[in-house]
Amino acid sequence: MGGKVAYVLGHEKAKKLTCKEDIQTIDCLQTPSNRALVGYGFDVHAYEEGKPMFLGGVCVHETIGFKAHSDGDVAIHALIDALLGAAGAGDIGELFPDNDPRYKNIDSKTLLKEVCSFLTKVGFEITHCDIAIMAEFPRLSPFKDAIRFCLAEIMEVNPVHVNIKATTTEKLGFIGRKEGVAASATATLNYYDWTRV
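Under my numbering, read the sequence shown as residues 3 to 199, first letter to last.
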């Protein structure tokens, strides 16, 4: 091809990583920070008749759902924003725009799985989340455990590290007037500690 072959002198510190033990030979590679990173998320959707309502990935009502581009699961949407916030990775609208036909009526569990996969690939571990769902309708107490276990399975965390709270607004505001549901969430991430492997 008209080119020339050249040899470049290597260096003993330029080691190839083949086995996990090879990491120990790289003295410039620092142990990951153990600092916890916390993010916050919030979402709200109005009711819409003629579709099921999903909260935290669980169907909580069969015929009154949410007016939304996706399935409108405010609990998962708030959680996604909290996870992305902790990672400094923007918000749900940046990753999944509401004008993109790919996300029309999409199951929000699918979006959460994609976010969890992204967080793992860039070096984070999900350690805890806390979600508050604000609704006058429907009554959510019977679904809290199902929501907890559903989200824990998706995020691959122990269910004890997923906290679900259900509350009302004491008949105040749009929630009190039974016009819609809101959810807020916090999430905690840690850097993946490869030294434990």
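C-beta: ideal position from N, C-alpha, C; glycine also.
The structure displayed is predicted, hence computed values, not measured ones.
Item	Value
Extent of the continuous beta strand (DSSP E) to which Asp45 belongs	39-51
Coarse secondary structure for Cys61, derived from DSSP in three states	strand
Top-ranked residue by Cα proximity to Ala137, from Phe151, Cys131, Gly182	Gly182
Ala168: first and last residue of the uninterrupted beta strand (DSSP E) it sits in	164-169
Simplified DSSP state of His130, which is helix, strand or coil	strand
Distance between Leu153 and His130 (C-alpha atoms, nearest Å)	11 Å
Backbone CA spacing between Ile78 and Tyr49 [nearest angstrom]	16 Å
Residue(s) in a DSSP beta bridge with Ile135	Ala168, Ala185
Alpha-carbon to alpha-carbon, Arg104 and Lys167	31 Å
Segments assigned alpha helix (DSSP H), at least 4 residues, entirely inside the segment 68-97	76-89, 94-97
Range of the contiguous alpha helix (DSSP H) that encloses Thr20	It is not in any alpha helix (DSSP H) - Thr20 carries neither H nor E in the DSSP assignment.
Cut-off 6 Å between Cβ atoms - residues of its own chain near Asp45, not counting five sequence neighbours on either side	Val76, His79, Ala80, Ala185
CA-to-CA distance, Trp196 to Gly12, given in whole angstroms	27 Å
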